[in-house]
Ligand code: SAM
Ligand code: SF4
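In the numbering used here, the protein residues as written are 2 to 444.
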């Protein structure tokens, strides 16, 4: 076996999938691989998959197909497919048949054991390991990748909510929280390696710690993380509106490093659709949570996820979604057409919405959101904001980019020495997606 082995890791889907891909890369590093993005010269390609929407699955299947040619040109190449797509009931046999050129199949609960699978594949075996249930004691290792300015830290795994459209609880199992001391230690370690911003990850961070005695909830965790020396910022996703407590909002308001940004997916503005989605809140309750956030944090940035064309969504239901978006004025929204996921309750509903209707609704939704995003940023003109300097701008490497506490991207002229520190920036230009500004002072 040659010494200098290269691994290319591709992650599809949410931050959890990215975080899992990081874990896999970390394991391969321990096995002597170095990370690369050069597919042609790779010894190992890992695809960590997503199955939340059909479009993601189709993209991944296309990529798996492309890799067949690569393997024909380089028969020593090993290919591993891991994550949510593999974990779906019945998926493994189907995928194996469709892609016999794959060497390793690993489910969401089998990532910790990837080195064993890799050793077997390196010996020429085709291997598959997909446990139906997780084993909690092994989930917390290894930690997030060190030496980066920003890191994602899992605080919990799985989901108990069973929104009727969603495959996540079926492929990531029931909710389980990591111990606070494990999380704090991981963050301290990251900070000592140069990390300045962490994003705490969970499918519903607001229900963190529900299984703990004595009581210890997400707000308690945030208060502790806020105290970690040299950490500059703390973000968190995702907040399920039904579990967003007053205590949490007050904690964010009182914190110093806790960013005033809530990702609060509404999914629909119609009570009829929300009930069919099994979201367990009404639009009135959602609005009352937004009022509470504004009471404590008038400048807080709100972002959301919205699905159009859920089965049974009438024009009137959809109008209610548009109306609530105009009312709340999110700074950003992730907008999706409903995608039928086999195994979920909504896939069984008869009144599915035709594709052309879904497309039209998505266009209308996006144009309302684009207007909201622009107006939100225009309101920032002339004011100063604390920005964490992230690095050179992708579009113009002469300039720097960073983010406000509200997660808005800002481009500005500065000194690369400032990367990793906080600066105050006065906003001079505002577009739908980006802000431009001038550095005032070091924050
Ligand atoms: N746990 C997070 C929450 O509840 O907001 C979200 C996780 S999911 C990976 C991200 C988003 O994908 C959801 O908020 C929802 O808007 C969207 N989504 C999930 N299932 C979907 C489906 N079947 N069709 C379209 N969008 C979907
Ligand atoms: Fe899916 Fe709902 Fe769980 Fe989010 S809360 S992961 S949308 S089931």
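Idealized CB from N, CA, C, for every residue including glycine. Computed from a prediction, not measured in an experiment: that's the story for all the values here.
- Exclusion of residue 51 from the 7 Å shell around ligand 2 follows from its C-beta lying no nearer than that to any non-hydrogen atom of the ligand.
- If you compare the alpha carbons of 18, 325, 70, 147 with that of residue 188, the shortest gap goes to 147.
- Rounded to whole angstroms, residue 430 and residue 258 show a C-alpha spacing of 26 Å.
- Of the residues assessed, residue 270 falls on the buried side of the cut-off, its CB having 16 or more other CB atoms within 10 angstroms.
- In the structure shown, residue 53 adopts coil according to DSSP, grouped into three states.
- Boundaries cannot be given for residue 396, as no beta strand (DSSP E) includes it and DSSP labels it neither H nor E.
- For the pair residue 108 and residue 123, the CB atoms are not nearer than the 8 Å cut-off.
- At least 8 Å separates the beta-carbon of residue 345 from that of residue 116.
- DSSP, reduced to helix, strand and coil, places residue 306 within a strand of the structure shown.
- Within its own chain, the residues whose Cβ lies closer than 7 Å to the Cβ of residue 333, once the five positions on either side in sequence are excluded, are 304, 374, listed in chain order.
- Distance between residue 357 and residue 402, taken at the CA atoms: about 38 Å.
- Leaving aside the five residues that flank residue 194 on each side, the residues in its chain whose CB is nearer than 7 Å to its CB run, in chain order, 147, 148.
- With 6 Å as the limit, the residues whose C-beta approaches a heavy atom of ligand 2 more closely than that are 160, 162, 163, 164, 167, 169, 170, 204, 205, 241, in chain order.
- In terms of side-chain proximity, the C-beta atom of residue 340 is found nearer than 7 Å to a non-hydrogen atom of ligand 1.
- Counting along the chain, the unbroken beta strand (DSSP E) around residue 338 starts and ends at 333-338.
- As the crow flies, the alpha-carbon of residue 192 is around 50 Å from that of residue 316.
- Collapsing the DSSP output to three states places residue 28 in a helix.
- Taking 8 Å as the upper bound for CB-CB distance, residue 260 and residue 406 are in contact here, some 4 Å apart.
- Under DSSP, the beta-bridge partners assigned to residue 157 are 178.
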